[in-house]
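Participant: Take a look at this one; I'll ask things after.
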Amino acid sequence: MLFESCTLKGKRICNPIVDWRDSDVWEYIRSERLEINPLYDMGFYRVGCLGCPMAGKNRWTEFRLFPTYERAYIRAFGKMLEAIHAGGGKTKWKTARDVFSWWMEDQNVEGQMSLSDITEWIVVNEEKI
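Each step along the sequence shown adds one to the number in my numbering, with nothing skipped, and position 93 is 1204.
Structure follows, in structure tokens:
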């Protein structure tokens, strides 16, 4: 389907390649001799967000290749902890490095749902309806 309606903003949006597979995109890029982000040539398969949680364990490689970004993430986690503690909140982490290590291991905070929990949650909640 090329068109979708956005009920929140009352807009109709055209997505001309919404049904393309990855191979279709790469075929088009090759046929039109388009330049690509050089990170693809380095073996990356996601390039929109360095350190993206969707990249899974590849984040370790990304941060090894681009250590400035690792430092930026740690600095941001430090600011997050400062804001939480300044507001009287508590965390399970003592340092920004602790947060970074937890985040890189893809572990949930207690009470947080993971994507694998969603199917079970839907089934349980449909029974309540």
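C-beta atoms are modelled at their ideal positions from N, C-alpha and C, and glycine is treated no differently.
By Cβ distance below 6 angstroms, which residues in the same chain neighbour Val1210 in space, the five residues on each side in sequence not counted?
Facilitator: What you label residue 1210 is simply residue 99 of the sequence shown in a count that begins at 1. Same-chain partners within the cutoff: Phe1188 and Trp1204.
Participant: Along the beta strand (DSSP E) that carries Arg1157, what are the first and last residues, could you check?
Facilitator: Numbered from its first residue, the sequence shown carries residue 1157 at position 46. Counting along the chain, Arg1157 falls outside any beta strand (DSSP E), and DSSP gives it neither H nor E.
Participant: Which residues in the same chain as Phe1177 place their Cβ atom closer than 7 angstroms to its Cβ, once the five residues preceding and following it in sequence are excluded?
Facilitator: Within the sequence shown, numbered from 1, the residue matching residue 1177 stands at position 66. Taken in chain order, the residues that qualify are Leu1161.
Participant: Thinking C-beta only, is Ile1195 closer than 8 angstroms to Thr1206?
Facilitator: Position 95 of the sequence shown, counting from 1, holds the residue named residue 1206. Position 84 of the sequence shown, counting from 1, holds the residue named residue 1195. No, Cβ-Cβ distance for Thr1206 and Ile1195 is not below 8 angstroms.
Participant: Nearest to Gly1159 by CA position, among Lys1168, Asn1148 and Arg1208, is which residue?
Facilitator: The sequence position of residue 1159 within the sequence shown is 48, counting from 1. Checking every option, the nearest Cα to that of Gly1159 belongs to Asn1148.
Participant: Determine the DSSP secondary structure at Arg1182, reduced to helix, strand or coil.
Facilitator: Sequence index remark: in the sequence shown, residue 1182 carries index 71 (1-based). Here Arg1182 sits in helix by DSSP.
Participant: In terms of residues, what are the limits of the alpha helix (DSSP H) holding Ala1207?
Facilitator: Locating residue 1207 in the sequence shown gives position 96, where the first residue counts as 1. Residues Ala1207 to Met1215.
Participant: Helix, strand or coil for Lys1190, going by three-state DSSP, please let me know.
Facilitator: As a first step, residue 1190 is located in the sequence shown; it is residue number 79 there, counting from the start. Lys1190: helix per DSSP, three-state reduction.
Participant: Once the 5 residues before and after Ile1140 are set aside, which same chain residues still bring their CB inside 7 angstroms of it?
Facilitator: Taking the sequence shown and counting its residues from 1, one reaches residue 1140 at position 29. If we look at Ile1140 and ignore the five residues flanking it on each side, its Cβ neighbours are Ile1147.
Participant: Once you ignore the five residues that flank Tyr1180 on each side, which residues in its own chain have a CB closer than 8 angstroms to its CB?
Facilitator: Position 69 of the sequence shown, counted from the start, is the residue given in the question as residue 1180. Here the set comprises Leu1161, Gly1162, Glu1173 and Phe1174.
Participant: Nearest CA to the CA of Gly1154: which residue from Ser1142, Arg1170 and Leu1145?
Facilitator: Sequence index remark: in the sequence shown, residue 1154 carries index 43 (1-based). Nearest option by C-alpha distance: Arg1170.
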